[in-house]
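What follows is a set of notes on a single structure, which appears directly below.
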Amino acid sequence: MTLVTLNDASWLRAGRVARLATVSSRARPALTPLYFVATNEEILLGTPTWTLAARNVRATGRATVLIEATVHGETRCYRVSGPADVHIDPTSLRHYNVAVARKYVVHVGQWLNTLRHAKLIGVRRAYHRDSSARGPAAVIVVRVEDVERLSDAR
Amino acid sequence: VPEPVTTREVDPDELARALANARVSVAWVVDGNVVLSRASLSREGGTLTVRVLDAPAPAPGTEVVVLSDDGSFYFDLRALVERGAASVSDERTISLTPTVRTAWDYGQLRRR
Chain A
34 MTLVTLNDAS WLRAGRVARL ATVSSRARPA LTPLYFVATN EEILLGTPTW
84 TLAARNVRAT GRATVLIEAT VHGETRCYRV SGPADVHIDP TSLRHYNVAV
134 ARKYVVHVGQ WLNTLRHAKL IGVRRAYHRD SSARGPAAVI VVRVEDVERL
184 SDAR
Chain B
24 VPEPVTTREV DPDELARALA NARVSVAWVV DGNVVLSRAS LSREGGTLTV
74 RVLDAPAPAP GTEVVVLSDD GSFYFDLRAL VERGAASVSD ERTISLTPTV
124 RTAWDYGQLR RR
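As given, the protein sequences belong to chains A and B, one line each in that order. Here the working numbering is used: the first residue of the first sequence is 34, the next is one more, and so on. Here the working numbering is used: the first residue of the second sequence is 24, the next is one more, and so on.
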């Protein structure tokens, strides 16, 4: 197990979009970008139960995540992997939703983005309603088992 | 009359052009475990050349998924996922002709 240092954890929290890689029960890869919340022990990613990512995690119980963050002009990228599962209980969803709201919704950049796309707000509401009809909201929880800081060299 | 549904899907070719400078990552499976790496990507015709930055290239014929995405805020989020079998050029470079492509752009949410 690679422990996440406080410094690493602060970088993980600063990332905006994670790339989540999973494997299906037939050993096929999947890769998708998702919003996330990081703690010292877990990466939490929101996605409905019907998505390929959630179905794969339920099938195989593992996931790997790339998180890139830029702070004060410096960019770092981490690869995090570990056991994963899908949570749909109200407590997990509430915890995730509050953390996501703090990270993403209460952000001046998001407010400006929403203002610029005000005409799409109703469609977004309908999109999430359609998604909910296909399956409940869920949180993929990846327990941090291994963390690598990837080389800056490109 | 079918109920209108909302969609975020867009044309993969158009989005590929828009994502020419996007973040790229690539994943495949070895012995049941997923390998995930950053990548750089170039396109020529329908063929992708992918340079794998953080791992050795997968074995020839391995199914790979290439993700190009950008945006941080909701309506800027867009992504192109392309899936196909890898041909290996060298220890860090693969090429593939995608057999499945999925593209979405939250800035183009609409009813259809």
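In this text, a Cβ means the ideal position worked out from N, Cα and C, and glycines have one as well. Note that the structure is predicted; figures quoted are calculated from it, not measured.
- [ ] Note the first and the last residue of the continuous beta strand (DSSP E) segment covering H120(A).
- [x] Segment 107-120, the beta strand (DSSP E) holding H120(A).
Task: Sufficient close CB pairs (3 or more, under 8 Å) joining the region 150-160 of chain A to the region 80-96 of chain A - done: Touching, no, given that fewer than three Cβ pairs across the two stretches are closer than 8 Å.
- [ ] Tell me whether P66(A) sits in a helix, a strand or coil according to DSSP, three-state version.
- [x] P66(A) falls in the strand class under three-state DSSP.
Open item on the list: At a CB distance below 7 Å, what residues from the region 155-170 of chain A approach chain B? Give them in sequence order.
Closed with: Listed by position along the chain: V156, R157, A159, Y160, D163.
- [ ] Answer yes if the region 98-117 of chain B comes into contact with the region 80-88 of chain B, meaning at least three C-beta pairs across the two stretches below 8 Å, and no otherwise.
- [x] Contact holds between the region 80-88 of chain B and the region 98-117 of chain B, because three or more Cβ pairs, one in each stretch, are under 8 Å apart.
Open item on the list: Measuring CB atoms only, is the region 89-101 of chain A touching the region 39-55 of chain A, in the sense that at least three cross pairs come out at less than 8 Å?
Closed with: Yes, they touch.
- [ ] Identify the continuous beta strand (DSSP E) that holds L78(A) and give its terminal residues.
- [x] Under the DSSP assignment, L78(A) falls in the beta strand (DSSP E) whose first and last residues are 75-79.
Task: Terminal residues of the alpha helix (DSSP H) in which D36(B) lies - done: If you look at D36(B), you'll find it in the alpha helix (DSSP H) that goes 35-41.
Task: Between the CA atoms of R46(B) and R49(A) - distance to the nearest angstrom - done: About 13 Å.
Task: Rounded straight-line distance, which links the Cα of A50(B) to that of R61(A) - done: The straight-line gap from Cα to Cα measures roughly 10 Å.
Open item on the list: Measuring only the C-alpha atoms, how far is L45(A) from S125(A)?
Closed with: The C-alpha of L45(A) lies about 20 Å from the C-alpha of S125(A).
Task: Any 3 or more C-beta pairs closer than 8 Å across the region 163-172 of chain A and the region 125-136 of chain A - done: Segments in contact, yes.
Open item on the list: For a cutoff of 8 Å on Cβ pairs, would you count T65(A) as touching chain B?
Closed with: Yes, T65(A) lies at the interface with chain B (some Cβ there is under 8 Å from its Cβ).
- [ ] Measuring alpha carbon to alpha carbon, tell me which of D179(A), W83(A), R112(A) ends up nearest R167(A).
- [x] When each option's Cα is compared against that of R167(A), the closest is W83(A).
Open item on the list: 8 Å is my cut-off, CB to CB: does V52(B) come that close to chain A?
Closed with: So, interface residue.
Open item on the list: Against chain B, with Cβ distances strictly below 8 Å, would D41(A) count as a contact?
Closed with: With 8 Å as the cut-off, D41(A) does not count as an interface residue toward chain B.
Open item on the list: Which complete beta strand (DSSP E) runs does the region 48-90 of chain B hold, if anything under 3 residues is left out?
Closed with: Entirely contained in the region 48-90 of chain B, the beta strand (DSSP E) runs reaching 3 residues are, in chain order, 56-67, 70-75.
- [ ] Going by DSSP, name the residue or residues bridged to D113(B).
- [x] Note: D113(B) is bridge-paired with T116(B) in the DSSP secondary-structure output.
Open item on the list: For a test of the three-state rule: what should DSSP assign to G155(A), helix, strand or coil?
Closed with: Correct three-state label for G155(A): helix.
Open item on the list: For N44(B), tell me which candidate among T72(B), D34(B), D93(B), L76(B) has the shortest Cα-Cα distance.
Closed with: Ranking the options by Cα distance to N44(B), first place goes to D93(B).
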